Amino acid sequence: MLTDDQRYNALSCAGNPIIRTPNMDWLAQNGIRFENAFVTTPICAASRASVFTGLYERKHDYTFTKPPIRKEYCDLSYPILLRKAGYRTGFVGKFGVKVSDGVEDEWFDYYRPSAYPYFKDINGKKKHLTDINMDRALDFIRETSPEQPFCLSLSTWAPHAHDSEKQQYFWPSACDDLYRDVVIP
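FYI, the UniProt record's numbering numbers position 156 of the sequence shown as 156, with every residue one higher than the one before it.
This is how it looks when you write it as structure tokens:
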């Protein structure tokens, strides 16, 4: 699970006294939380390419304005290796990299990318993109046989800023009470 543009310590389970992340805290307590990890490139697109390929940016040579990630690197990506090993692979959320036509189908059995805005109109009801992505992630898990190993890559948009927007960081209404009495410096 990747939370884009989030500092390592912007989690209450990491000891942050202001930030409240109850769902992430639950996942950290009941799953695995990597406490000694880093990105090699602090730019979201290049960093995502590194996560997919396992390569440094200087090797995969991908960032915002570059052509797609080279096919030979895509062929050695973790989704391909896991599929070859019998895993069902899924992706939900912010994809954020360019790949050649058809690569998404080679990488993922279930591919549900998402994009701005933070709020979407779903059947006449306003829904936050985070909630939409979580629903899609749960759909993937429900559709996966308990006997089949799987890897779901879930990449949330929040807290990533949308640079061209005047207003930033909209949260789902379910989170309104988290910071009601908190002063954020």
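The beta carbon of each residue, even a glycine, is placed where N, CA and C say it ideally should be.
Given the structure is predicted, the values throughout are model-derived calculations rather than measurements.
According to DSSP, residues forming a beta bridge with residue i
i, result
"R112", "V92"
"K126", "D121"
"C74", "The partner list for C74 (beta bridge, DSSP) is empty, contrary to what the question assumes."
"L2", "S155"
"F150", "R88"
Cβ separation of residue i and residue j, assumed to be a contact under 8 Å, to the nearest whole Å
i, j, result
"I69", "V97", "6 Å"
"L11", "I19", "6 Å"
"W107", "S145", "Actually they do not touch by this definition, with Cβ atoms about 20 Å apart."
"T63", "A46", "4 Å"
"W157", "K59", "In fact, because the Cβ distance is near 27 Å, the residues do not count as touching under 8 Å."
"H128", "P67", "With 8 Å as the limit, H128 and P67 do not qualify as a contact, their Cβ atoms being about 33 Å apart."
"L152", "A174", "Between A174 and L152 the Cβ distance is about 22 Å, and since that is not below 8 Å, they are no contact."
Cβ neighbours of residue i in the same chain (closer than 7 Å, five flanking residues each side left out)
i, result
"residue 200", "An answer regarding residue 200 cannot be provided, because it is not within the stretch 1 to 185 covered by the chain."
"V99", "P68, I69 and C74"
"K120", "K127, L129 and I132"
Contact set for residue i: own chain, Cβ-Cβ below 6 Å, skip 5 residues either direction
i, result
"Y110", "G90 and F140"
"V103", "C74"
"A14", "none"
"T21", "L11 and S12"
Sequence-distant residues of its chain with Cβ nearer than 8 Å to residue i (five each side left out)
i, result
"D105", "Y111"
- Any chance the stretch 51-71 sits against the stretch 114-124, with 3 or more Cβ pairs inside 8 Å? no
- Contiguous beta strand (DSSP E) assignments of at least 3 residues, all confined to the stretch 19-74: none
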